[in-house]
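Written below as structure tokens is the structure these notes are about.
2 protein chains.
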Amino acid sequence: MKATITDVAKKAGVSMKTVSRVLNNEPNVADKTRVHVKAIARELRYSPNLAARGLATSKSYLIALIYDNPSINYISHIQRGAIDACREAGYHLVVEPLYLEKAISREEKADAMLSVLEKLPVDGVILTPPLCDSQAVLQTLDDLRIDCVRVAPKKKGEQPFVGMDDETAAFQMTQHLLKQGHERIGFIKGHVNHAATDLRYAGYVSAISEAGLKVSSTFVVQGDFSFESGVIASRILLELPDGVRPTAIFASNDDMAAAVVSVAGQMGFDVPCDLSVCGFDDTPIARIVSPALTTVRQPIYKMGYQAAKQLTQSSNDQTQISQFLDFEIMIRASVSAIA
Amino acid sequence: MKATITDVAKKAGVSMKTVSRVLNNEPNVADKTRVHVKAIARELRYSPNLAARGLATSKSYLIALIYDNPSINYISHIQRGAIDACREAGYHLVVEPLYLEKAISREEKADAMLSVLEKLPVDGVILTPPLCDSQAVLQTLDDLRIDCVRVAPKKKGEQPFVGMDDETAAFQMTQHLLKQGHERIGFIKGHVNHAATDLRYAGYVSAISEAGLKVSSTFVVQGDFSFESGVIASRILLELPDGVRPTAIFASNDDMAAAVVSVAGQMGFDVPCDLSVCGFDDTPIARIVSPALTTVRQPIYKMGYQAAKQLTQSSNDQTQISQFLDFEIMIRASVSAIA
DNA sequence: CTGAAAGCGCTTACAG
DNA sequence: CTGAAAGCGCTTACAG
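In structure tokens form, the structure reads like this:
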């Protein structure tokens, strides 16, 4: 049978309470006692019963990762980071997808959130886009008094968040293209509901403007982050006549950039000789496409890690409430200088 | 404050025990009482405290998905299926990666397993390849008396499993190629440690043999499921001289098949006119590659779903212990008939 | 068909 | 620095 705290107490010749103090690193225990109890605990392979502890403290040592319809690559990395942080703190991660596609109203969103959280008492919640921007969801969490950390939210609000500076990243990437001599730079926007869409576009716009060029609406096409939308968008851009056609296309994510490469190939344009292409995210597809994509590496794993980290230490040391993490421009073969 | 079972009992004018019976669908409650209690419970938005229930029953209502170093696509679908099944049964899924890369010895594997499970009392465990084939891991679970279901294990053993018939799928896919008139069919094998590798190869071999052809070792190249290994393997195959070179290549997964398409393009072969290509798994990459890949769709989501389903109903109705789920041959543009 | 008592394994005040 | 008591919110026998 699994050892209980009573077993440890008996064998160590102290009270249950003393064992509890040692195990929770509470003060007021003689060093000698502490060492002794620890030894016995290890010997008995004792580990506290989470249910019992949870009942007594009304903590669950569980963090929930809640998301709605995310990209698999994105969520996997967030999840992995969150799990690692949880493990370091003795917490565990439960994953709770919300199926919100059809639930447009505030009430429906709040309700879906409620029904998940009512059943599962978690100590904290990690929210990814677009959920992290839903007032209804945030309100529900607040009513329930459950801490949350938002990942890459649209607006900085009261709740803490971790994110990256999408605008600056897009700015730098556009500058990289400009430095290679490109002046006609196409841009494919992301999904209209996504926070990142506007920020990345803003970065593109300011780099173009700062270079003394003007942003031409012919060069900006709406996409929705899907490969298919990238196909349509790149056709629009590449069917422009010679001398007007962009010499470079900056897609708001890698899937759409992969589509640009594919369509360019079909239309007889060589990448990067005839057309430079870059993406955003640095997902695995960036390396599978040939030529490999120049893209922005997001600190996705780290965002998940930091979000969970913050939740597991919470109240005690509120070192950093919100933070932007570093990104990295990955230079690969899909961009070249203008001849 | 959150309502407790006592609140419900008081308001309904019955004992705690009666409420408990109603909530757990136990017999021996008057219909009238049952209806009344349910109404009150709903009114109070009551939901049981999992920690308390767990302490009393020594059940946690938690299922763990434990894996080591899997493909992101694979594990995401397993996970999603498992979560859906858990939700239907009032369970929750905790995800626990094991970092076993360096832990070669049986003891290390067992230890890693132990240290996760000691801290987290779960009611069941889902094991994916290659973990599900580790005797050390299975033994540890058995010692701890934790139920487990294996996903796509190498050998049918005592523990229940869900899987698909890789051999038959590869057999049918090879037959499809043969029917298109191909006789020189290359095969790229998967990672040596993976259960599926041998099975898929076996299916290829028997289809070739059944067609009265002989399996040529020149046509069989070792890969490891990675895109890179596919690049190397396909070069070997495609550098064979005219008249000897395969007219079709069957790669053991989609990543390697994507590599074949990419290398073929670079070497000036048109897919599917000069070379037919097919993969296995039907991951998203199968549709992104152009031409889209003919491949085998694995019931990955369903495997996760069934595995969790089995764990959440366990003891009571042991309807099916182990089962093979259906696969599907997805016909797309990467295969054509020999002219 | 219903209920009062005891207990699951911890922790939180409270004493000493 | 240490411990005895009470309680967290449920369920499992056991009575009736």
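One line per chain: the protein sequences are A and B, in this order.
When we follow this note's numbering, the leftmost residue of the first sequence carries the number 1, and every step to the right adds one.
When we follow this note's numbering, the leftmost residue of the second sequence carries the number 1001, and every step to the right adds one.
C-beta atoms are modelled at their ideal positions from N, C-alpha and C, and glycine is treated no differently.
Note that this is a predicted model, so its numbers are computed, not measured.
Handout entry: Residue-chain proximity (His1191(B), chain A), Cβ-Cβ < 8 Å
Key = Here residue 1191(B) corresponds to residue number 191 of the second sequence, with the count starting at 1. Answer no: the Cβ-Cβ gap between His1191(B) and chain A never drops below 8 Å.
Practice task
For Val1019(B), decide whether its Cβ has a neighbour in chain A, counting only Cβ atoms nearer than 8 Å.
Solution key: Here residue 1019(B) refers to the residue found at position 19 of the second sequence. False, the Cβ-Cβ gap to chain A never drops below 8 Å.
Practice task
Check the C-beta distance from Asp255(A) over to Ser234(A) and give it rounded, since I have them as a contact under 8 Å.
Solution key: Counting from 1 along the first sequence, the entry for residue 255(A) is found at position 255. Counting from 1 along the first sequence, the entry for residue 234(A) is found at position 234. Incorrect: roughly 12 Å between the Cβ atoms, too far for contact.
Handout entry: Residue range of the unbroken alpha helix (DSSP H) whose run includes Phe227(A)
Key = In the first sequence, the residue the question calls residue 227(A) occupies position 227. Boundaries of the alpha helix (DSSP H) around Phe227(A): Phe227 to Leu238.
Handout entry: Closer than 7 Å: Gln1298(B) CB and nearest the ligand GDP heavy atom
Key = With respect to small molecules bound, the structure shown includes none, and the ligand GDP cannot be examined in it.
Practice task
Go ahead and pull the three-state DSSP assignment for Leu1062(B).
Solution key: Along the second sequence, one-based indexing puts residue 1062(B) at 62. Here DSSP, grouped into helix, strand and coil, assigns Leu1062(B) to strand.
Problem - Three or more C-beta pairs below 8 Å linking the stretch 1162-1174 of chain B and the stretch 1297-1305 of chain B - result: Output reads yes: the stretch 1297-1305 of chain B touches the stretch 1162-1174 of chain B.
Problem - Asp281(A) (DSSP reduced to helix, strand or coil) - result: By 1-based counting over the first sequence, the position of residue 281(A) is 281. When DSSP states are grouped into helix, strand and coil, Asp281(A) belongs to the strand group.
Practice task
Count the other C-beta atoms from every protein chain shown that fall within 10 angstroms of the C-beta of Ile1338(B), then say buried if there are 16 or more, exposed otherwise.
Solution key: As a position in the second sequence, residue 1338(B) is number 338, starting the count at 1. Classification of Ile1338(B): exposed, given that the 10 Å Cβ count is below 16.
Exercise for the section: May I ask you to list, following chain order, the residues of the stretch 1062-1094 of chain B that have a beta carbon less than 8 Å from some beta carbon of chain A? Expected result: Here the close residues are Leu1062, Ile1072, Asn1073, Ile1075, Ser1076, Gln1079, Arg1080, Ile1083, Gly1090, His1092, Leu1093 and Val1094.
Handout entry: Among Thr33(A), Arg80(A) and Ala41(A), the one whose alpha carbon lies nearest that of Ala3(A)
Key = Within the first sequence, numbered from 1, the residue matching residue 3(A) stands at position 3. Out of Thr33(A), Arg80(A) and Ala41(A), the CA that lies nearest to the CA of Ala3(A) is found in Ala41(A).
Problem - Beta carbon of Ala1112(B) nearer than 8 Å to that of Ile1185(B) - result: Within the second sequence, residue 1112(B) is the residue found at index 112, counting from 1. Within the second sequence, residue 1185(B) is the residue found at index 185, counting from 1. No, Cβ-Cβ distance for Ala1112(B) and Ile1185(B) is not below 8 Å.
Handout entry: Close beta carbons around Glu183(A), own chain, < 7 Å, minus the five adjacent residues each side
Key = As a working note, residue 183(A) is residue 183 in the first sequence. Closer than 7 Å at the Cβ level, and outside the excluded window around Glu183(A), lie Leu213.
Problem - Nearest candidate by alpha-carbon position, reference Val1192(B), set Gln1159(B), Ala1211(B) and Gly1223(B) - result: Within the second sequence, residue 1192(B) is the residue found at index 192, counting from 1. Closest by alpha carbon: Gly1223(B).
Practice task
Note down, in chain order, each residue of its chain lying with its Cβ closer than 6 Å to the Cβ of Ile1331(B), except the 5 sequence neighbours on either side.
Solution key: Taking the second sequence and counting its residues from 1, the one referred to as residue 1331(B) is at position 331. For Ile1331(B), same chain residues with a beta-carbon under 6 Å away, outside a window of 5 residues either side, are Thr1294 in chain order.
Handout entry: Where the alpha helix (DSSP H) through Ser83(A) begins and ends
Key = The residue you call residue 83(A) lines up with position 83 of the first sequence. It should be pointed out that residue 83(A) corresponds to Ile in this sequence rather than to Ser. Per DSSP, Ile83(A) is one residue of the alpha helix (DSSP H) stretching across Ile72 to Glu88.
Exercise for the section: Flag this pair as touching only if the stretch 259-270 of chain A and the stretch 30-50 of chain A have three or more C-beta atom pairs under 8 Å; answer yes or no. Expected result: No, the stretch 259-270 of chain A is not in contact with the stretch 30-50 of chain A.
Practice task
Compare the C-beta of Glu1118(B) with all C-beta atoms of chain A and state if any pair is closer than 8 Å.
Solution key: Counted from its first residue, the second sequence places residue 1118(B) at position 118. True, the Cβ-Cβ gap to chain A drops below 8 Å.
Exercise for the section: Determine the direct distance from the alpha carbon of Arg1287(B) to that of Tyr74(A), and round the result to whole angstroms. Expected result: Mapped onto the first sequence, residue 74(A) falls at position 74. Mapped onto the second sequence, residue 1287(B) falls at position 287. Cα to Cα, the separation comes out at about 19 Å.
Exercise for the section: Taking Ile1249(B) as the query, report the chain A residues whose CB atoms sit under 9 Å from its CB, ordered along the chain. Expected result: Residue numbering aside, residue 1249(B) sits at position 249 when the second sequence is read from its first letter. Within chain A, no residue comes near Ile1249(B); the closest Cβ sits about 17 Å away, beyond 9 Å.
Exercise for the section: Return the first residue and the last residue of the alpha helix (DSSP H) that Arg1332(B) is part of. Expected result: Position 332 of the second sequence, counted from the start, is the residue given in the question as residue 1332(B). Looking at the DSSP string, Arg1332(B) is not in any alpha helix (DSSP H), and its letter there is neither H nor E.
Problem - CB contact check: Ala1110(B) to chain A, cutoff 8 Å - result: To locate residue 1110(B), count along the second sequence from 1; it is residue 110. Ala1110(B) does not count as touching chain A.
Exercise for the section: Quick one: measure Cβ to Cβ for Gln310(A) and Val95(A), integer angstroms, because I've assumed they're closer than 8 Å. Expected result: Taking the first residue of the first sequence as position 1, residue 310(A) is located at position 310. Taking the first residue of the first sequence as position 1, residue 95(A) is located at position 95. That pair is no contact at about 18 Å.
Practice task
Report the residue from Ser209(A), Gly230(A), Ile66(A) and Asp133(A) whose alpha carbon sits nearest the alpha carbon of Ala196(A).
Solution key: Here residue 196(A) refers to the residue found at position 196 of the first sequence. For Ala196(A), the closest alpha carbon among the candidates Ser209(A), Gly230(A), Ile66(A) and Asp133(A) is that of Asp133(A).
Problem - Nearest-angstrom Cα separation, counted from Val1221(B) out to Ala1258(B) - result: As a first step, residue 1258(B) is located in the second sequence; it is residue number 258 there, counting from the start. As a first step, residue 1221(B) is located in the second sequence; it is residue number 221 there, counting from the start. It is roughly 16 Å from the alpha-carbon of Ala1258(B) to the alpha-carbon of Val1221(B).
Problem - Residue-level contact to chain A via CB, Pro1121(B), 8 Å cutoff - result: As a working mapping, residue 1121(B) is identified with position 121 in the second sequence. Chain A contact via Cβ: present.
Problem - CB contact check: Arg1184(B) to chain A, cutoff 8 Å - result: Counted from its first residue, the second sequence places residue 1184(B) at position 184. So no, Arg1184(B) is outside the interface.
Handout entry: Beta carbon of Phe269(A) nearer than 8 Å to that of Leu177(A)
Key = For the purposes of this step, residue 269(A) is taken as residue 269 along the first sequence, with counting starting at 1. For the purposes of this step, residue 177(A) is taken as residue 177 along the first sequence, with counting starting at 1. Cβ atoms of Phe269(A) and Leu177(A): not closer than 8 Å.
Practice task
May I have the straight-line CA-CA distance separating Gly54(A) from Leu238(A), to the nearest angstrom?
Solution key: In the first sequence, counting from the first residue as 1, residue 54(A) sits at position 54. In the first sequence, counting from the first residue as 1, residue 238(A) sits at position 238. Roughly 60 Å between the two C-alpha positions.
Handout entry: Below-8 Å beta-carbon distance, Phe1280(B) vs any chain A residue
Key = Against the second sequence, residue 1280(B) aligns to sequence position 280. Taking Cβ atoms only, chain A never reaches closer than 8 Å to Phe1280(B), which makes this a no.
Practice task
Examine the Cβ distances between the stretch 1107-1127 of chain B and the stretch 1136-1148 of chain B and report whether three or more of them are shorter than 8 Å.
Solution key: Touching, yes, given that three or more Cβ pairs across the two stretches are closer than 8 Å.
Problem - CB-CB length for Cys278(A) against Met173(A), believed under 8 Å - result: Here residue 278(A) refers to the residue found at position 278 when the first sequence is read from its first residue. Here residue 173(A) refers to the residue found at position 173 when the first sequence is read from its first residue. By a beta-carbon distance limit of 8 Å, Cys278(A) contacts Met173(A). Their separation comes to about 6 Å.
Practice task
Would you mind reading off the limits of the alpha helix (DSSP H) that contains Asp1254(B)?
Solution key: Within the second sequence, numbered from 1, the residue matching residue 1254(B) stands at position 254. Membership of Asp1254(B) in the alpha helix (DSSP H) is indicated by the continuous run Asp1254 to Gln1266.
Practice task
Write down the C-beta distance between Ala1347(B) and Leu1120(B) rounded to the nearest angstrom, noting that I regard them as a contact closer than 8 Å.
Solution key: No statement about residue 1347(B) is possible, as the shown extent of chain B runs from 1001 to 1339 and does not include it.
Problem - Alpha carbon of Ser1290(B) to alpha carbon of Pro1284(B), nearest angstrom - result: Working through the second sequence from its first residue, we reach residue 1290(B) at position 290. Working through the second sequence from its first residue, we reach residue 1284(B) at position 284. Rounded to the nearest angstrom, the gap between the Cα atoms of Ser1290(B) and Pro1284(B) is 12 Å.
Problem - Cβ-Cβ separation, Pro272(A) to Val335(A) (assumed contact under 8 Å), whole Å - result: In the first sequence, counting from the first residue as 1, residue 335(A) sits at position 335. In the first sequence, counting from the first residue as 1, residue 272(A) sits at position 272. Approximately 6 Å separates the beta-carbon atoms of Val335(A) and Pro272(A); this is inside 8 Å, confirming the contact.
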